[in-house]
Amino acid sequence: MTLKRAAYNSRKSLATVKLGDLVGVHPCLDIKYGKQVHILPFDDSVEGLSGNISMSTSSRISWKGDTFLVRGGMCTVEFKVMETNPAEFCIVAQDTVIHTEGDPVKREDEEPNLNVVGYDDIGSRSYEQNGDERVICGKRSRRRRKNSPAIIFIDEVDSIAPKRQKTNGEVKRPVVLQLLTLIDGLKARSNVVVKGATNRPNFVDPGLCRLGRFDREDVIGIPEPTGRLKSLPIHTRSIKLAEDVDLKHISADTHGYVDFNAGPLCSEAAMQRILKTIQSALARR
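Residue numbers (full-length UniProt numbering): 1 to 285.
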């Protein structure tokens, strides 16, 4: 396997490229062959697995923090490169000594944002542009019709389409009318869906909620104690809890709290514990 092919195999799993993106490729010609590498599997990929794993002897480029998959039979195991010698980058070949001593890597420790779903995870794009809002709305609508099927998602829709009788002067009124015109211009079979989100539904212009526009409403309300109990372990994952901490009791006692409030609540509780520890240490002196 050539060096160019090995580099391609090691980098293609990390590339997030979409249609229309510009990609730059730069050669790296000073990579040395590795003497030793230390790899460990992720715990969830070896759960319930027994026996030995056979790896291919094909050359590939590796670096500290790199992850790769080893497929065999009916299972697939994901490994992480912990150390390389020489450091930085190296080519793992047949003469490279591979060490596997150590406990499996916990994925939640290595990937703290595992529970966060971003725009790239669902194959979408976000745009932030300055300028005339009417022109931007028109350009985006034409682009989506051209590249249909597509979903147009408008976050904080109340900020660009507030109630016309409550707008400051005549600045926002043309934008509201432009948005209504664009939504009305979407044909039923154009394969373009328009969605909006707001936490102030009473401030949205009523014209947007008529039949054929935003005529369906999904309300994401305040979670029940069961829902709060599911989010608390996520926010307290990096906090060492005392043995008498009862998350079930806390979830039942925090009526009206949403996931956005749970994070600051846990951080504040940790800070209060730190302050008490410092005060106790100062009092003993």
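C-beta: ideal position from N, C-alpha, C; glycine also.
Measuring alpha carbon to alpha carbon, tell me which of the options ends up nearest residue i.
i: ALA150; options: VAL192, SER45 and GLN36; result: VAL192
i: PHE260; options: PRO104, PRO223, GLY34 and ARG107; result: PRO223
i: CYS209; options: GLY221, LYS240 and GLY196; result: GLY196
i: THR100; options: ARG228, LEU247 and LEU40; result: LEU40
i: ALA87; options: GLY48, LYS35, PHE79 and PHE68; result: LYS35
i: residue 316; options: THR198, GLY227, GLY221 and LEU229; result: Nothing can be reported for residue 316, as the shown portion of the chain is limited to 1 through 285.
i: SER59; options: VAL176, HIS255, ASN85 and ASP95; result: ASP95
i: ALA252; options: LEU241, LEU232 and LEU211; result: LEU232
i: TYR33; options: CYS75, HIS249 and ILE61; result: ILE61
i: GLY48; options: VAL23, LEU69 and CYS75; result: CYS75
i: LEU241; options: GLY256, MET271, GLY212 and ASP218; result: MET271
i: VAL258; options: HIS235, PHE79 and CYS28; result: HIS235
i: ASP66; options: ASN52, ILE53, GLY263 and VAL92; result: VAL92
i: TRP63; options: PHE79, ALA262 and GLU108; result: PHE79
i: GLU217; options: THR277, ASN202 and GLY227; result: ASN202
i: GLY102; options: ILE274, GLU108, GLU83 and THR277; result: GLU83
i: GLY263; options: VAL245, SER238 and ILE154; result: SER238
i: GLY227; options: VAL245, GLY256 and ASP244; result: GLY256
i: ARG200; options: ALA283, ALA269 and LYS163; result: LYS163
i: PRO225; options: ASN85, VAL245, THR254 and LEU211; result: THR254
i: CYS90; options: ASP109, CYS28, GLU108 and PRO104; result: CYS28
In terms of residues, what are the limits of the alpha helix (DSSP H) holding residue i?
i: GLU88; result: Element bounds for GLU88: n/a, residue is neither H nor E.
i: HIS235; result: 225-235
i: ASP155; result: Note, ASP155: premise wrong, no alpha helix (DSSP H); beta strand (DSSP E) at 150-155.
i: ALA252; result: 247-253
If you follow the beta strand (DSSP E) that residue i is in, where does it begin and where does it stop?
i: VAL97; result: 97-99
i: ALA242; result: No beta strand (DSSP E) contains ALA242, which DSSP labels as neither H nor E.
i: LYS195; result: 192-197
Quick one: what does DSSP say residue i is sitting in, helix, strand or coil?
i: ASP259; result: helix
i: LEU40; result: strand
i: ARG284; result: helix
i: VAL176; result: helix
i: GLY207; result: helix
i: PRO104; result: coil
i: ILE278; result: helix
i: ARG273; result: helix
i: CYS266; result: helix
i: GLY20; result: coil
Tell me, to the nearest whole angstrom, how far the beta carbon of residue i is from that of residue j; I am working on the premise that it is less than 8 Å.
i: VAL37; j: VAL77; result: With a Cβ gap of about 16 Å, VAL37 and VAL77 do not count as contacting.
i: ASP30; j: LYS106; result: With a Cβ gap of about 34 Å, ASP30 and LYS106 do not count as contacting.
i: LEU180; j: GLY207; result: 6 Å
i: VAL204; j: VAL157; result: 6 Å
i: LYS248; j: LEU265; result: Rounded, the Cβ-Cβ distance is 15 Å, inconsistent with contact.
i: VAL194; j: ILE152; result: 5 Å
i: ILE53; j: VAL70; result: 6 Å
i: ILE160; j: VAL175; result: 6 Å
Pull the bridge partners of residue i from the DSSP assignment, please.
i: SER59; result: None; SER59 has no bridge partner.
i: VAL81; result: ILE39
i: PHE68; result: PHE79
i: PRO162; result: VAL204
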